[in-house]
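In this note's numbering, the protein residues as written are 103 to 534. Yeah, the Cβ is synthetic: ideal placement off N, Cα and C, and Gly gets one too. Because the structure is a prediction, the values reported are computed rather than measured. Everything below concerns the one structure shown next.
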Ligand code: 17E
Ligand code: FE2
């Protein structure tokens, strides 16, 4: 039997060295050695074959707009939101589409084939949303794109915010968003979450709110999210993004909170690139790191994922859409650096993110699953994180959708330039 695609000598995360066969867009065999022909063959050469990276949190409507309405001088979230409000009137459906598509290609070419993007719906013309709805269709062979109806300027604090949010769901958004910490008062924040949860129930959509993205230790909206989730029986369908205030809560409160987050089966998405530079801006020293309690949440059994959040927008001027950058930075900031912890970081940008997005039934390297996977230029996930390894082959539904060559770096030894790899020499070295 001839397969569509055969990957030889692939190293799975559990250490097995296998061949993997694909037919009609699905994984049909994973064996130590597959003796068959295929229309196309990849020799992975013992490199890591992983499920695709998942970007669980970004803003494709704002991507690549950095500087369009001036630069963010204070580096704060609030100036970011102001700059974005000034940027919005400059955008057209065509320019948003162009920037979003190029950004998606950046993500996909570096291994991220699933993306959840928030889209600002505080715009009576829905410029960003109309663009992204088209992009979701036009880019579907490259990435699975989920769109969150995101009321950036508030459900209650922006005129008609609630109606715009609902209209965005009717227009086809996959997920309901909110931003309670940005509403004018605590009460309005709580009320805005009730509205968002009500819509999630009525339209049968999952919910993903920007929540407690502040260093204010009094910002406690994630408890409201847990309570609404439990009250409405929406366990497992709700994501709280950012929750950076949790880094400032007292331990007694945080510990109580963890119990409710777990019962609500909430997922938490931390965004190391943005939050490491947006938070702590009102601190002198000691200066906070800006992230939620990733390590402690994981230890408590709560699902946590890392997102990138921004690529060159009013909040974050850097980035190429490489999810390994987000993972690498997060690893450092939350100190997931122990020997057993480093491979866990890989989960935060793969399976944990897939769980947060509700796609686990169709995600992973198993016979019968869609043939979505990536071969990285590294022997294992530990090395892929350490070296920020390029994605050599990205496969979506059995098609190679992006590919790269391993970079060749040479160093001069005496009169000769010799290639180097950032791998430890093994053979032949004898230490005392
Ligand atoms: N909007 C927001 O409220 N927070 C962020 N981190 C970004 C957009 C990027
Ligand atoms: Fe965000």
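Residue i CB to nearest heavy atom of the ligand 17E below 7 angstroms
i           : result
residue 121 : no
residue 412 : yes
residue 173 : no
residue 417 : yes
residue 315 : yes
residue 78  : For residue 78 there is no data in the structure shown, the boundaries of the chain being 103 and 534.
residue 249 : no
residue 320 : no
residue 254 : yes
residue 234 : no
residue 463 : no
residue 393 : no
residue 179 : yes
residue 231 : no
residue 162 : no
residue 380 : yes
residue 376 : yes
Top-ranked residue by Cα proximity to residue i, from the options
i           : options               : result
residue 479 : 119, 151 and 106      : 151
residue 523 : 113, 488 and 436      : 488
residue 460 : 445, 340, 357 and 350 : 340
residue 325 : 210, 318 and 345      : 345
residue 416 : 306, 136 and 177      : 177
residue 366 : 309, 382, 533 and 314 : 309
residue 198 : 210, 181, 224 and 161 : 161
residue 189 : 209, 206, 218 and 224 : 224
Residue i beta carbon near the ligand FE2 (any heavy atom closer than 7 angstroms)
i           : result
residue 220 : yes
residue 343 : yes
residue 283 : no
residue 312 : yes
residue 434 : no
residue 427 : no
Presumed contact (8 angstroms Cβ cut-off) between residue i and residue j, rounded CB distance
i           : j           : result
residue 470 : residue 129 : 7 angstroms
residue 369 : residue 288 : Between residue 288 and residue 369 the Cβ distance is about 24 angstroms, and since that is not below 8 angstroms, they are no contact.
residue 396 : residue 423 : Actually they do not touch by this definition, with Cβ atoms about 21 angstroms apart.
residue 393 : residue 447 : Actually they are not in contact, since the Cβ atoms of residue 393 and residue 447 sit about 13 angstroms apart, beyond 8 angstroms.
residue 139 : residue 104 : 5 angstroms
residue 254 : residue 183 : 7 angstroms
residue 497 : residue 519 : 34 angstroms between Cβ atoms; not a contact.
residue 204 : residue 234 : With 8 angstroms as the limit, residue 204 and residue 234 do not qualify as a contact, their Cβ atoms being about 14 angstroms apart.
residue 146 : residue 111 : 5 angstroms
residue 328 : residue 311 : With a Cβ gap of about 12 angstroms, residue 328 and residue 311 do not count as contacting.
residue 263 : residue 274 : Not a contact, Cβ separation roughly 19 angstroms.
Sub-8 angstroms separation of residue i and residue j beta-carbons
i           : j           : result
residue 425 : residue 168 : no
residue 557 : residue 317 : In the structure as shown, the chain begins at 103 and stops at 534. Residue 557 is therefore absent and cannot be evaluated.
residue 380 : residue 179 : yes
residue 250 : residue 216 : no
residue 119 : residue 143 : no
residue 283 : residue 321 : yes
residue 115 : residue 483 : yes
residue 195 : residue 232 : yes
residue 452 : residue 153 : yes
residue 410 : residue 421 : yes
residue 490 : residue 430 : yes
residue 301 : residue 266 : no
residue 412 : residue 375 : yes
residue 521 : residue 510 : yes
residue 503 : residue 106 : no
residue 499 : residue 213 : no
residue 481 : residue 148 : yes
residue 450 : residue 506 : no
Helix, strand or coil at residue i [DSSP, three-state]
i           : result
residue 174 : coil
residue 502 : strand
residue 454 : helix
residue 477 : strand
residue 532 : coil
residue 382 : coil
residue 470 : coil
residue 234 : helix
residue 122 : strand
residue 104 : coil
residue 158 : strand
residue 507 : coil
residue 347 : helix
residue 140 : strand
residue 163 : coil
residue 114 : coil
residue 263 : helix
residue 521 : strand
residue 362 : helix
residue 352 : coil
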